[in-house]
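Colleague: Sharing a structure here in structure tokens format.
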Amino acid sequence: MIHRSLLLIALGFTLSTLSAQEFDFGVKGGINVASIGGGTYAGLGGLGSKIGFHVGAVAAIPISDKFAAQPELLFSSQGTKWNFVGSSNLRLDYINLPILAKYSILEGLSVEAGPQLGILLASNVDKEDYKGIDVAFAIGASYRLTDAIFFSLRYNKGLSDINNNDAITVSNQNNVLQISAGYAF
Numbered sequence: 326m327i328h329r330s331l332l333l334i335a336l337g338f339t340l341s342t343l344s345a346q347e348f349d350f351g352v353k354g355g356i357n358v359a360s361i362g363g364g365t366y367a368g369l370g371g372l373g374s375k376i377g378f379h380v381g382a383v384a385a386i387p388i389s390d391k392f393a394a395q396p397e398l399l400f401s402s403q404g405t406k407w408n409f410v411g412s413s414n415l416r417l418d419y420i421n422l423p424i425l426a427k428y429s430i431l432e433g434l435s436v437e438a439g440p441q442l443g444i445l446l447a448s449n450v451d452k453e454d455y456k457g458i459d460v461a462f463a464i465g466a467s468y469r470l471t472d473a474i475f476f477s478l479r480y481n482k483g484l485s486d487i488n489n490n491d492a493i494t495v496s497n498q499n500n501v502l503q504i505s506a507g508y509a510f
């Protein structure tokens, strides 16, 4: 119930920012190289990177000639590759809402950073073992090739422990490298 409420609040915030007078709106998607950082159990193998994807909407709301606010609403397939008695993938699907500050360095090139809130939608294991909310810090850069086509590279560093199982005594965080291409309307 709380997850749905947070999702509705996030969606409402995103839609309210889109009512600004001047903004760019677009869609983006790309590849995730996801892993889970933090502690591991001795003897249980290592946590490796898992390839996933992300897709969603992005807006850029100008504040000045150089600064903009950039809210996004993204579906993101994250998790890890777990190396223990063979290999298996942990898939954690989130709706992520990054709210970024964007600074233009050169014509077409900008850097961006800010907080990201994630809401866990689904998992390929017992979803109850993972917290429904994830908090991360996003940092990256984007390049606008034309008025419509852009590319971005971003790293989302997990700040909150995603474990929700009392038997798990280590803290783990989502870490995701994203490579995106997008189209602005």
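Quick note, our numbering runs 325 ahead of the 1-based positions in the sequence shown. We put the beta carbon where it would ideally sit given N, CA and C, even for glycine.
Cα separation between residue 363 and residue 486?
Modeller: 9 Å
Colleague: Rounding to the nearest angstrom, what Cα-Cα distance links residue 418 and residue 392 in this structure?
Modeller: About 31 Å.
Colleague: Nearest-angstrom Cα distance between residue 439 and residue 413?
Modeller: 32 Å
Colleague: Counting only runs that start and end within the region 370 to 439, where is the beta strand (DSSP E) found for 3 or more residues in a row?
Modeller: Entirely contained in the region 370 to 439, the beta strand (DSSP E) runs reaching 3 residues are, in chain order, 371 to 373, 375 to 387, 392 to 408 and 412 to 431.
Colleague: Alpha carbon to alpha carbon, how far is residue 470 from residue 446?
Modeller: 33 Å
Colleague: Extract the residue ranges of the beta strand (DSSP E) inside the region 447 to 491, only unbroken runs of 3 or more that lie entirely within it.
Modeller: 458 to 469 and 474 to 483
Colleague: Using C-beta distances below 6 Å, list every residue in its chain close to residue 380, excluding the 5 sequence neighbours before and after it, in chain order.
Modeller: 354 and 400
Colleague: Let me check one thing: in DSSP terms, what residues is residue 495 bridge-paired to?
Modeller: Bridge partners of residue 495: none, in fact.
Colleague: Run through DSSP, which three-state label would residue 364 get?
Modeller: coil
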